[in-house]
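Take a look at the structure set out below.
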Amino acid sequence: MAYRYLMSSSNMGLRFMSYPQKNLLTVFSSLSPVTAFASIKTLKGAFSCSYCVRCQFNLDDFSSKKRHLERVYTTNSNGKFSNKQFISVDPQLYEYILSNVREPEILGQLREETASMRGSKMQVSPDQAQLLAMLVQILGAKRCIEVGVYTGYSSLAVALVLPESGRLVACERDLEYLEVAKRYYELAGVSHKVDVRHGLAAYTLKSLIANGEASSYDFAFIDAEKRMNEEYFELLLQLVRVGGLIVIDNVLWYGKVADPMVDDKKTDSIRRLNKKILEDDRVGISMVPIGDGMTICQKR
Ligand SMILES: C[S@@+](CC[C@H](N)C(=O)[O-])C[C@H]1O[C@@H](n2cnc3c(N)ncnc32)[C@H](O)[C@@H]1O
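Take 4 as the starting number for the sequence shown in our numbering and just add one per residue.
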């Protein structure tokens, strides 16, 4: 790890370092990780953070430095991405991210109530919900659809920022979960904005199209049965207007999409859809590594 990291730093960090520092790094890169860490520590004061162009870790704090080494990686694809540095989010960093989320009180209450329920891991994270709400606000969205409500966390985040005349069609097949969601829509004073549809989401989406509602929605969020995502995407592409957004959750599937050893049906279907969307000229795209990964698609 240390070797890999030290080598990677020669592509970015070194531009900002003096020659002695560069020489020292060259020496470090040939050391074993343990020796490298020890040597870094003895260099206290020689330079601050030689590993990353951004941070300025205090070398006195050896454990911070070690954590930093474990958190920052460099792309490894023959320079195709200019040896881009990127971070992996460990629990400590994620706690920090969450501490920077403005979570409305009612959403916090719903999250806490849901924590003890079956399937609570399915809920989007507070940082994801905040991003969804922001997208809705940026769009000035009035008409939204959610596929996969569970107990209502993401749908409530969206409903809270919709204008009074806004409408969110909330599709969920499980009545027990919907009852919790409906209670929270009431508590938050947004139930007049939410059109709850109990049943299979594909059926609801087809009925909206049959009802003449094509191209009339601004925003849609897909977060239900993953193997159905392609069908939801196609139906929602009919329902969303040009310029509107379709956001798909779980596109990284806990990292399994990038692991060639994983070939289960769910992972394969997510990979297939990711590839299809990448090649789909009907939408502009951005895959965002937030939560379990979300792809934001804008209809052209
Ligand atoms: C990942 S959870 C949704 C989490 C929710 N977005 C949140 O943030 O709390 C997926 C939900 O989709 C529902 N679901 C799965 N397949 C469905 C289908 N075909 N039609 C409607 N709902 C479905 C499940 O019952 C489950 O509650």
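C-beta: ideal position from N, C-alpha, C; glycine also.
Quick one: give me the first and last residue of the alpha helix (DSSP H) that residue i is part of.
i	result
PHE236	232-242
LYS268	268-281
TYR206	204-213
Give the single residue among the options whose Cα lies nearest to the Cα of residue i.
i	options	result
SER218	TYR206, GLY246, MET231, LYS269	GLY246
LEU309	GLY122, GLN140, ALA136	Residue 309 cannot be examined here, being either before or after the span of the chain that is shown, 4 to 303.
GLN131	ASP252, LYS269, LEU242	ASP252
ARG285	ALA261, ARG244, VAL291	ARG244
LEU72	ALA204, ASN79, PHE84, PHE89	PHE89
THR117	ILE212, MET231, SER157, SER168	SER157
GLU189	LEU163, ASN103, ARG176, GLU179	LEU163
GLY287	LEU159, ARG303, ARG275	ARG303
ARG170	LEU208, HIS195, PRO129, LYS83	HIS195
Going by beta-carbon coordinates alone, are residue i and residue j separated by less than 9 Å?
i	j	result
TYR220	CYS300	no
ASP295	LEU255	yes
MET125	ASP271	no
LEU134	VAL291	yes
ARG200	VAL161	no
GLU149	ALA213	no
LEU211	LEU159	no
Since residue i is in the beta strand (DSSP E), which residue starts that stretch and which ends it?
i	result
THR298	297-302
VAL291	286-291
ALA223	220-225
HIS201	197-201
Entirely within the segment 60-123 and at least 4 residues each: give me those alpha helix (DSSP H) ranges in chain order. Runs of the alpha helix (DSSP H) inside the segment 60-123: 65-74, 94-102, 108-118.
Are the segment 175-183 and the segment 152-165 touching by the rule of at least three beta carbon pairs closer than 8 Å? With the cut-off at 8 Å, the segment 175-183 and the segment 152-165 touch.
Length at least 3, wholly inside the segment 133-192: the beta strand (DSSP E) runs in chain order: Taken in chain order, the unbroken stretches of beta strand (DSSP E) that lie wholly in the segment 133-192 and span 3 residues or more are 146-150, 170-175.
I'd like to know if the segment 137-144 and the segment 91-102 are in contact, where contact means that at least 3 CB-CB pairs between them fall below 8 Å. The segment 137-144, when compared against the segment 91-102, does not touch it at the 8 Å Cβ threshold.
Do three or more CB pairs link the segment 103-117 to the segment 195-209 at distances below 8 Å? Because the criterion of three Cβ pairs below 8 Å is not met, the segment 103-117 and the segment 195-209 do not touch.
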